[in-house]
Amino acid sequence: TEYPLLMAAATMAIVPVLILFFFTQRQFIQGIARTGLK
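Counting from 374, one number per residue, gives the positions in the sequence shown under this note's numbering.
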């Protein structure tokens, strides 16, 4: 098995998911903060 190729493919698959997760998490927290302030 070509581990470097496998790791590269896994990284390329995981990175966009992590970016999306952090972005949505920030938006989610801001939404809760706005609701809590009202």
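Glycine residues also receive a C-beta, built at the ideal position from the N, C-alpha and C atoms.
The three-state reading of DSSP puts Thr-397 in helix, counting H, G and I together. In this model, Met-380 and Val-388 are separated by some 12 Å (Cα to Cα). DSSP places Thr-384 in the helix class (H, G or I) of the three-state scheme.
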